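In our numbering, the protein residues as written are 155 to 309.
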């Protein structure tokens, strides 16, 4: 038995980057977003940072394929012929999200996000100096200096 969805109101502030807002039923839907987010402590953008996403393996890795297993036998009892909601309020939808009021047979959503933070290395080195001194005095594990515990530099 199909059920009817009754919603008093929907308020969405923002919907972006491969998002889907669907009122009603659908056979299927797909959304794909590939995001490269670069943050720089000292802004020095060239304007071409996102031109070669293929250089980053996260965007070319094969996704595992989910295959439907054996048919599932199911009994359900819906005493009420409708699903009722007073109101839906959403601040934002982004990066392959779906808001649907209704039913869907198949949904295929993919989001690949690589977030790169670039810090000023001079300031970073100044911040690590107290930790470096602690590690050299035997009070640290060497992890803060980039070495794994028990490893020797240069090997």
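The C-beta atom is built at its ideal place from N, Cα and C for all residues, glycine as well.
The structure displayed is predicted, hence computed values, not measured ones.
Which residue wins for smallest C-alpha separation from residue 201, given the options 210, 211, 190, 208?
190
Return helix, strand or coil for residue 249, following the three-state DSSP convention.
coil
Among the candidates 273, 248, 257, 275, whose CA atom is the shortest distance from the CA of residue 265?
248
Between 167, 161, 188, 186, which has its C-alpha nearest residue 177's C-alpha?
161
Expressed to the nearest angstrom, what Euclidean distance is found between the alpha-carbon atoms of residue 203 and residue 215?
20 Å
For residue 265, the first and last residue of its enclosing beta strand (DSSP E):
258-272
What is the rounded straight-line gap between the Cα of residue 288 and the Cα of residue 267?
The predicted model places residue 288 with a pLDDT of 45, which falls under 50 and marks its position as unreliable; any figure quoted below should be read in that light. Near 36 Å, if we compare the C-alpha coordinates of residue 267 and residue 288.
For residue 269, which of 156, 218, 251, 192 has the nearest alpha-carbon?
192
Residue 209 versus residue 188: straight-line alpha-carbon distance, rounded
13 Å
Should residue 251 go down as buried or exposed, given a rule of 16 or more other Cβ atoms within 10 Å for buried?
buried
Do residue 240 and residue 167 come within 8 Å of each other at the CB atom, strictly closer than that value?
no
Residue from 198, 255, 257 with nearest C-alpha to residue 274:
198
Which same chain residues end up closer than 8 Å to residue 226 when comparing Cβ atoms and leaving out the 5 residues on each side of it in sequence?
none
Three-state class that DSSP yields for residue 212 in the structure shown:
helix
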